[in-house]
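*Asks:* Position one of the sequence shown corresponds to residue 7 (this note's numbering), numbered consecutively onward. Don't be surprised by glycine CBs; every beta carbon is placed ideally from N, CA and C. Dropping the structure in here first, questions after.
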Amino acid sequence: MITDWLRHIEFAYPWVLGLIFLLPILVWAYFKKQKRSEATFKISYIGQGNYQNWKAKSASLPFWLRIFGLFFLIVAMARPRQKYVEQETTGQGIDIVLCFDISGSMTEKDFVPNRLEAAKLVASKFVEQRPGDRIGITIFSNLSFTLSPVTTDHELVLQQIQNIQPGMLQDEGTAIGAGLATSVDRLRESKSKTKIVILLTDGVDFGGAISPDVAINMAKTYGIKVYTIGIGSTQEVQIDPNDPNSGGKSTRKLDFNEGLLRNMAASTGGQYFHAADNNTLQGVYESINKLEKSKIEVKTYNRYVEQYLVVLIIGLICILLDFILRYTVYFKFP
């Protein structure tokens with residue numbers, strides 16, 4: 007606690023602290039004077055009892071109180087204060103929902119290590135680049151689910167992204183319409199001027215209670231832009247290098263429905279992107295990051311809390327004790 011307090015301390019008049027270097031001179035002069043009168047003190051207190059011996063041994067106490075008092079007074083004159091750097095944010099960020107397809111087809115290995123893991127990595131980097139925005143997470147396969155409502159707690163969002171695994175909803179299928187509808191529902195009551203959904207899938211829609219057309223109309227109704235990312239290679243790829251039945255040699259051309267994703271984006275004022283590998287997927291999120299800029303101004307200013315009064319009081323107490331002791335306990339008659 008003290009360390010934290012000292013870390014924020016600075017002085018309004020630091021040059022005043024130079025007076026502290028005069029204190030060692032006073033100490034030197036005091037002890038030089040004491041040496042000259044040492045013999046006199048020894049003779050004076052011989053046979054005077056324990057009380058007088060104690061006085062002799064503690065005779066320098068008022069002096070040290072004076073030195074400490076002067077030290078604290080000098081520090082107080084330098085005006086110590088705690089400095090806090092604060093930020094004032096004006097404007098409004100964007101509300102964003104990242105919608106992930108977690109169906110079985112997202113485990114295809116045309117990405118390293120697979121589509122879903124590659125998507126999680128670049129999405130996490132995207133979140134880190136959007137400090138002023140509220141971000142939420144939804145997932146879908148045959149069903150859809152909200153992992154995180156839109157929030158400024160990006161640590162929570164990043165943790166939820168890392169928690170995404172295929173099969174979490176225990177339903178096979180790719181209900182793109184349901185995934186988009188759930189994402190739209192997360193933004194339905196948002197007061198933000200800009201609301202977007204970034205939906206990432208391999209674009210093969212089957213299953214689910216809500217059709218993509220219905221979900222698109224929902225997004226249009228609430229003024230939500232949909233950016234769609236079609237993830238997957240259009241070339242023949244290895245199905246599963248760890249599959250003992252294929253010996254790691256079986257290949258096929260993966261299903262990919264770009265038409266659906268293009269329509270979803272165009273109908274809502276968004277944009278469609280195709281990511282064929284890890285590098286292009288990273289580029290897609292970077293492009294969206296540039297397209298959707300938050301209109302936020304951050305002003306940084308310093309706030310000071312004065313601390314000189316406490317130091318001043320300590321110094322005055324030391325000086326007062328010095329005065330009282332010198333003219334009572336340690337008072338010497340001529």
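1) On the three-state DSSP scale, how would you describe N308?
2) So what's E92 in DSSP terms, helix, strand or just coil?
3) By the three-class DSSP mapping on this structure, what secondary structure does S154 have?
4) At the level of alpha carbons, what is the spacing between N223 and F146?
5) Any idea if T227 is buried or exposed, counting beta-carbon neighbours within 10 angstroms, 16 or more meaning buried?
6) Would you mind working out which of L76, E298, L127, Q98 sits nearest G24, comparing C-alpha positions?
7) Between the Cα of V316 and those of L266, A215, L79, spot the shortest distance and give me the residue it belongs to.
8) Let me confirm a value: T207 is counted as buried when at least 16 other C-beta atoms fall within 10 Å, else exposed. Which label applies?
9) Using alpha carbons as the reference points, say which of I100, Y90, P30, K299 lies closest to F74.
10) Could you check what DSSP says for V103 in three-state terms: helix, strand or coil?
11) By Cβ distance, which residues of its chain are closer than 8 Å to D283, with the 5 residues on each side in sequence left out?
12) Which value, in whole angstroms, describes the spacing of the CA atoms of R332 and R87?
13) L266 and I143 look like a contact to me (Cβ under 8 Å); what is the Cβ gap, rounded to whole Å?
14) Taking a contact to mean a Cβ-Cβ separation below 9 Å, would you say E92 touches Y307 in this structure?
15) Are I204 and L104 closer than 9 Å when you measure CB to CB?
16) DSSP state of T227, grouped into three classes?
17) Just how far apart, CA to CA, sit F132 and E292?
*Replies:* Taking the geometry as given:
1) strand
2) strand
3) strand
4) 19 Å
5) exposed
6) Scanning L76, E298, L127, Q98 for the CA closest to the CA of G24 turns up L76.
7) L79
8) buried
9) P30
10) strand
11) D116, F117, S239
12) 33 Å
13) Not confirmed; about 22 Å, so no contact.
14) yes
15) yes
16) helix
17) 7 Å
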